[in-house]
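Visitor: Before I ask anything, here is the structure I am working with.
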Amino acid sequence: MTHDLLTLLRQTTLVELNHAYEEFMPVWPTHGKFFCSRAEDYSAGDGNYNCQLSLGDHCGTHVDAPVHFIEGGKTIDQIDVRQLTGRGRCLDMSHLAENADITVEMIQAWEADKGEIVAGDIVIFRTGYDNKWRCRPHQAEFLKNWPGLSGEGAHYLTEKGVTVLGTDAMSLDRYSNDAHPAHLAVLGSDCLIIENLANLQNLPSEFIFMALPLRIKGASASPVRAVALLES
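Under numbering that gives the first Met the number 0, think of the first position of the sequence shown as 0, with each following residue one higher.
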């Protein structure tokens with residue numbers, strides 16, 4: 000069985016779904032920024048090179064745990080990481096206007112064309128906002144006006160048994176929806192949200208999705224390394 004699995008993995012194409020972690024990367028203004036500094040260096044006579052990292056738990060491509068919006072919800076070290084591996088479904092919503100809602104009707108129209116979303120699927124929305132990702136001081140366009148999932152759309156998917164929803168934008172909720180209905184619906188159902196994904200234009204409507212968070216005790220989120228596996 001192990002040999003068969005390795006053979007299968009070698010026959011797939013891997014698509015990187017992460018932005019690089021680097022200084023001046025865009026983050027939400029109230030969140031911790033990313034810093035990478037040299038702790039030891041050859042030039043200092045240390046005989047090796049290593050770095051010290053400082054970052055907010057919502058930096059870059061990351062997964063939100065329920066506690067992010069649900070008091071008493073699971074922290075990132077308490078989630079079942081098996082949720083984050085499975086059949087991915089990429090819904091292309093890049094044609095939507097700025098600050099638009101992704102509605103139940105839009106999701107159902109996609110299903111009628113591409114096939115039903117079922118329990119256990121990992122649903123990813125492509126808004127095209129990963130193409131606006133820029134490091135500071137050029138981050139302004141990435142940090143405003145993105146489309147997002149409506150509360151009704153979030154309820155529709157979680158009721159189908161979807162436990163992971165993702166987006167290439169800064170948030171699963173649209174930019175101006177300060178009530179955060181999608182976050183409340185998803186995290187309130189003990190499900191997970193992945194944000195700031197990249198390269199979704201390279202995905203078909205169906206693929207294998209994998210992402211693993213760091214096991215950070217008590218954290219509300221964690222950076223992930225997210226990839227898609229496609230049939231070659």
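No residue lacks a Cβ here, since even glycine has one placed at the ideal position from N, Cα and C.
How many angstroms separate the CA atom of His-148 from the CA atom of Val-80?
Guide: Per the sequence presented here, residue 148 reads as Leu, with His not at that position. Answer to the nearest angstrom: the Cα atoms are 23 Å apart.
Visitor: Rounded to whole angstroms, what is the Cα-Cα separation between Ala-153 and His-94?
Guide: Each residue's Cα considered, the two are about 20 Å apart.
Visitor: Taking all protein chains shown into account, do 16 or more other C-beta atoms lie within 10 angstroms of the C-beta of Trp-27, making it buried, or fewer, making it exposed?
Guide: When all chains shown are included, Trp-27 counts as exposed.
Visitor: Which term fits Gly-114, buried or exposed, when burial requires 16 or more other beta carbons within 10 angstroms of its beta carbon?
Guide: Result: exposed.
Visitor: Would DSSP call Pro-65 helix, strand or coil?
Guide: Here Pro-65 sits in helix by DSSP.
Visitor: Note down, in chain order, each residue of its chain lying with its Cβ closer than 6 Å to the Cβ of Ile-121, except the 5 sequence neighbours on either side.
Guide: Contacts found: Gly-85, Gly-87, Val-163 and Phe-208.
Visitor: Alpha carbon to alpha carbon, what distance is there between Thr-126 and Leu-211?
Guide: Rounded to whole angstroms, Leu-211 to Thr-126 spans 23 Å at the Cα level.
Visitor: In angstroms, rounded to a whole number, what distance separates the CA positions of Asn-201 and Glu-15?
Guide: Rounded to the nearest angstrom, the two C-alpha atoms are 9 Å apart.
Visitor: Across the segment 56-65 and the segment 219-229, are there enough close Cβ pairs to call them in contact, namely three or more that are closer than 8 Å?
Guide: They touch, by the three-pair rule.
Visitor: At the level of alpha carbons, what is the spacing between Gly-234 and Leu-52?
Guide: What the structure shows of the chain is the stretch from 0 to 231, and residue 234 is not part of that stretch, so it cannot be assessed.
Visitor: The alpha helix (DSSP H) with Met-209 in it runs from where to where?
Guide: Looking at the DSSP string, Met-209 is not in any alpha helix (DSSP H); the run it does join, the beta strand (DSSP E), is 205-212.
Visitor: On a Cα-Cα basis, can you pick out the residue from Val-161, Asp-177 and Asn-198 that is closest to His-18?
Guide: Comparing Cα-Cα distances from His-18 to each of Val-161, Asp-177 and Asn-198, the minimum goes to Asn-198.
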